[in-house]
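Remarks on the structure that follows.
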Amino acid sequence: MSERLCLGRIKNIEPYHLNISLLHGVRGRAQITDINLPYREALEQLLTGEKNVNVKMMSEMFQVGQIVRCSPQPGETITDVAMRSKAKPVGLSLNPFRVNRNLKKSLLKPYVTFVGAVKSIEDNGYLIDTGISGLDVFLPYEETPLPVNTKYSIGCLVELAIMDDQSSSKKSRVLRASMLKMQSVPDSDDVSFDSLLPGMRIPVRVASTGLEGLDCTFRSFLVHIPAQHCPQEVKKYSSGNHFTTCIVDIDLVTKAITASLLPHFIKDDLKESEGLMAYKHVKVGALVENAVLKRRERNCVYLWLPSFKRCGVLLKANAYGRDAPKKWASHFPENTAVKCRIIDFDLFLNAPMISTRNSVLESQFLTLEDVKVGAKISVVVKKFLPRGVSVRLGGSIRGVIPYLHLSDVPIKNPQERFKLKSKIHAMVLGINHEKGELQLSAKKSLMSSSFPILGSANMLQSWKEVEVKNKASRQSTPESFFVTAYVIQSGEKGVLVCGMNNVRGWIPRSQTVMDGMQTSEAVFTKGVTLQLRVLKRLQVSPQRGQKPSTQFLLSQILDPGDARPVSKLNTSAVELGELYFCRVGEVKVLGLQVNLLMTAESKNVFASAFLPYTHLSDSISIVNLARLSRDSCFRPNSILSLTEDGNTPTRVVVINTSGKEGIVVSAKPALLEAAQTSDDSARAGFLRKAEQLQVGTQWVGWVAHYMDYGMFVEFPGGFRGLVPTRYLCDRRAPEGTDWSSLLPPGTSVEAKMVEMNDSRLLLSLRMADTFSSAEEQYVRCAVARVEQYLKECRWICKHVKHLNNLSHFTIGQLVKFHVDGLTEEVVTGWVALPPSAKSEAQRVPAAALLLNTDGVECPLGSIREAVVTLPNPDAGKLEVALLPWLLKSIKQRRDGQFDNSAMQVKNGQIISSSVVSMGNTRDIIVVALKQHALGHLAVVPTRRSFNDIIGANAWALGQVNRITIRDAMPSESKREKTFYGTLSIYDPQEKKTKKADTHVDILSPSTIESLTTPGTHLPEVVFIGLKGRANALFRLPNTRSIRTLNARLICRLVDLKPSSGKDIRKFLAEVPEVGTIFKNAIVINAPTPTLTHGCRLPLSSRISRISFSGKSLHVNNDALNLPR
29 MSERLCLGRI KNIEPYHLNI SLLHGVRGRA QITDINLPYR EALEQLLTGE KNVNVKMMSE
89 MFQVGQIVRC SPQPGETITD VAMRSKAKPV GLSLNPFRVN RNLKKSLLKP YVTFVGAVKS
149 IEDNGYLIDT GISGLDVFLP YEETPLPVNT KYSIGCLVEL AIMDDQSSSK KSRVLRASML
209 KMQSVPDSDD VSFDSLLPGM RIPVRVASTG LEGLDCTFRS FLVHIPAQHC PQEVKKYSSG
269 NHFTTCIVDI DLVTKAITAS LLPHFIKDDL KESEGLMAYK HVKVGALVEN AVLKRRERNC
329 VYLWLPSFKR CGVLLKANAY GRDAPKKWAS HFPENTAVKC RIIDFDLFLN APMISTRNSV
389 LESQFLTLED VKVGAKISVV VKKFLPRGVS VRLGGSIRGV IPYLHLSDVP IKNPQERFKL
449 KSKIHAMVLG INHEKGELQL SAKKSLMSSS FPILGSANML QSWKEVEVKN KASRQSTPES
509 FFVTAYVIQS GEKGVLVCGM NNVRGWIPRS QTVMDGMQTS EAVFTKGVTL QLRVLKRLQV
569 SPQRGQKPST QFLLSQILDP GDARPVSKLN TSAVELGELY FCRVGEVKVL GLQVNLLMTA
629 ESKNVFASAF LPYTHLSDSI SIVNLARLSR DSCFRPNSIL SLTEDGNTPT RVVVINTSGK
689 EGIVVSAKPA LLEAAQTSDD SARAGFLRKA EQLQVGTQWV GWVAHYMDYG MFVEFPGGFR
749 GLVPTRYLCD RRAPEGTDWS SLLPPGTSVE AKMVEMNDSR LLLSLRMADT FSSAEEQYVR
809 CAVARVEQYL KECRWICKHV KHLNNLSHFT IGQLVKFHVD GLTEEVVTGW VALPPSAKSE
869 AQRVPAAALL LNTDGVECPL GSIREAVVTL PNPDAGKLEV ALLPWLLKSI KQRRDGQFDN
929 SAMQVKNGQI ISSSVVSMGN TRDIIVVALK QHALGHLAVV PTRRSFNDII GANAWALGQV
989 NRITIRDAMP SESKREKTFY GTLSIYDPQE KKTKKADTHV DILSPSTIES LTTPGTHLPE
1049 VVFIGLKGRA NALFRLPNTR SIRTLNARLI CRLVDLKPSS GKDIRKFLAE VPEVGTIFKN
1109 AIVINAPTPT LTHGCRLPLS SRISRISFSG KSLHVNNDAL NLPR
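Each number in the working numbering corresponds to the 1-based position in the sequence shown with 28 added.
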């Protein structure tokens, strides 16, 4: 049995135990059965069915910060090493029988405070169980600090002292006690060691001081006060000082007493911010920028925190970790601001614990309060439990991922799939504050869901708004609301699903997609993710308390119209791949119910079909915008037209004739073109029948859905194939890549058949397998997709009210940008509508990324000239650029300064460019052309084909590329034009070999030799780069295709310009572009003859050296693009 008694403060209260802070940062834990004997007996009565209204939960009996007296459990030891916070909690008992075991009735004096437990409640007070043999204590109501009509419950712990001196009366069997008359131990009385208990205040005299603290005496007993429990530095105390201290630890064997001088232990009249409730005034996780050194101790450093007006304790482990230097405390200078972060609050010291480690300062999560439900986080695997994988967030926050939530498909051996210390990307489904852990899920179907998750704060708030809207409108067909949830149980009557915060929903069998022959267990496996429609919110009985309950009635039928049979006209006459015009019949949630027509003018309906929104376009951005604004984009009884004027009907192609919706059609341009392409074409085809499926064939399809092991692609006719993760991209993707964000469901793809096994189709999307013709797939098709995307953008802007003003602007148009905001990445503002535009709103939102404002100051309220780089319907605003060089060149071209033939842009020319708009990062980017094309913008496809994942993510604002001009956009002005272009590095090889001859006479070897003779004057040389930081390299004019060294020249920077070192440094900082013409050079040295012994001379000796004469040397920018 441990012979030690200690004082502690309650850190937090759990349902079945108390976490307690002890001396030296040691953590203790008292189980619910070790509180006291009366409370344990009352709990046993409750378990047997007897009701006792006087028994309360521990959270009602105790409060955080409360001081309690403890005794370690048998076999437990408390270390004296400072701050062993990571050690296992010490088992404690608060039972008065253990805490008061050395006390005897004869030792009780009015100044001896002891602990007891309420055993029974009488008419005038309480009977207290003290655990002292032969002693019963009565505590009158008036001797307690409780308000009138408020009583303690059975098992409550109280600290009390006997009233007057009743211990000498042998006839008194019951002693009266009080909680209001606590006294300090007098210095004159003869006190027995057995009567000393933690929490008692005793007078001491300082005997000596040391690095560890103060050594004091009380009577004949030695009392040690640790340095951390001294309000001032130890060196400020001297022998002979007298103090009143509070006992915090007693060793009954060695009779060692540890005491504290901290105010919250010895004073009762402190302010709340300084007393036992001080922890409420400190925010864990707060950053302090200006902490200042207050004092140094052997094991810690005290830093003054001005914003909290208190000192924080910095331990060695929280300052340097394991690699702490010797005398680490001396590394903190005085009067110097230190950046730190509060990581905890030590209740025993009543001071915040701080850290200066960079990993802690930059950490996003320190406590459970920092984590929000729905947050996507990265956690580290710690161990495998029977219920799931135990993980850690930020090193201290615990979490559990149930095996059901490790993946969208069951994993047989999680230990092989996930290694210890490996990282898992997960989402927080809930926070269990009782266990102090996170409830996580690693299902990608939940993490990448486009619908809100059942029970999330966003979902609950949005559902309230939908309810209010539906009640106000009183429509016969209320607005639908969709959520995502996962199955936790299925049965004959329906399916039970769950979401965040343990919110549950019920799907009746009638609202599932099952037919009469299917069982729910076969269709709905436990853990599978579903997208559902909310029918209504159910009333939860208050009697259930905190127990999980079903709160929502859900349906798996997303479109209410699907519950009604769809009429089919001439279904058997419709075949896959046939093209029709269509008239919109009904606008639904997931798509359009349309009537197929043979011609746009026909009034005879050939068949009824369904057009999903995901099949309106090859661009996911256009699809999302059209779905959100479906009521304004589509009108019943109108011919489907996805053009700005609405006069050009859009054709659709049949992609399914036997689906759940009946006939399904698509308006995707890729499918329309594939359906009209002959089968012997090299391009991806349109799959019409199963016999066409052969290894090596390539077909146009669309992304259906994702699994952990790959992606499913769907083809016309309902055929589906699997693309394993290794076949999604040409390069090996990092672990945890979110493929659903790179290729969202509904994205058009070209898939190649690589394997067939019975009904299993194995596909590949790798560019190496599917990209075979740059001329066909990139130059023609990709540019056509850009043109189609811009047309669809104009159509969206024309029909959506809040985007209508964007249709009045074109790429390359000059505008006045009014600045009204500034962030770290973008300058926001607005642009006035053109005078010709008829609109109520005269201001159009606009934004300029900071890289597009280089060299321009943008104070709030200023007006700056800008050029429209893209009317972006995804962002709902104009993208503009304020680059001075771009604006100047556009004005020069508009004013006719570039009208000469040399400055005209022609198809097939390769021109340098700079990216000025990233668009939606999925379909197009906009570049500003340079060289002789200054003042023009061009639109370039982000990817070579649908499958080009790497190419689509290889762009950056300001990036310099060489662009091949393909065609000009229609324009009313001959000077102001915008072009379509492609990346020249992806141009077809045959185009490069047939490049037009520039008809430049190449210098002969004899001419080169004569020009490099010392003393020769060279009117012009071409700059080609730097050689280190001391030399510049040049070449003779008209020698671009000559690779020999005799046409190359070198010049020392000191000979480049007869100037100071400052000019040379400026030249190195602003290096001219390759191809810049320098004039008036003179050859001063010829090349050194090659040695015959095999030694290779340095480059500076193998080529001619030149120098420049005169002080008028300058870079001739006008000659940059001459063919030299």
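Quick reminder that beta carbons are idealized off the backbone N, C-alpha and C, glycines included.
Beta-bridge partners of residue i, as assigned by DSSP
i	result
M739	Y734 and V751
K905	N900
G153	P168
C1079	A1060
Q467	V428 and G458
P536	G522
Y67	Y67 pairs with nothing; no bridge assigned.
C339	W332
Supposed close pair residue i, residue j - CB separation, criterion 8 angstroms
i	j	result
Y1008	D995	5 angstroms
T141	L188	7 angstroms
V1049	R1063	7 angstroms
I382	N441	Going by Cβ atoms, the distance from I382 to N441 rounds to 43 angstroms, so no, they are not a contact pair.
I585	A637	Their Cβ separation, rounded to whole angstroms, is 19 angstroms, which puts I585 and A637 out of contact at 8 angstroms.
V680	Y734	About 27 angstroms; that fails the 8 angstroms criterion.
V944	W983	About 11 angstroms; that fails the 8 angstroms criterion.
I439	V407	Contact doesn't hold; Cβ gap of about 17 angstroms is too wide.
Residue i versus residue j: straight-line alpha-carbon distance, rounded
i	j	result
S768	I952	20 angstroms
G745	V693	11 angstroms
L721	N684	17 angstroms
D398	F580	29 angstroms
E852	V884	15 angstroms
T237	G268	11 angstroms
P536	D157	57 angstroms
P899	K905	6 angstroms
E606	P430	49 angstroms
N832	C825	5 angstroms
V92	V401	25 angstroms
V251	A284	7 angstroms
Q621	T992	43 angstroms
K264	P231	19 angstroms
R420	Q937	57 angstroms
I1112	S941	38 angstroms
Proximity of residue i and residue j at Cβ, strictly below 8 angstroms
i	j	result
S367	L389	It is Lys, not Ser, that sits at residue 367 in the sequence shown. Yes, the pair counts as a contact, with Cβ atoms nearer than the cut-off.
V523	S484	no
I939	R990	yes
S87	I149	no
A779	G724	no
F376	L33	no
F837	V895	no
N378	A306	yes
G840	L965	yes
R385	A357	no
Environment of residue i [buried if 16+ CB atoms lie within 10 Å]
i	result
P480	buried
V437	exposed
I1134	buried
W858	buried
S1088	exposed
M487	buried
N598	Reliability of the predicted coordinates at N598 is poor, the pLDDT of 48 falling under 50, and no value is obtained from them.
N755	The residue asked about is misnamed: residue 755 is Tyr in this sequence, not Asn. Burial call: buried.
I891	exposed
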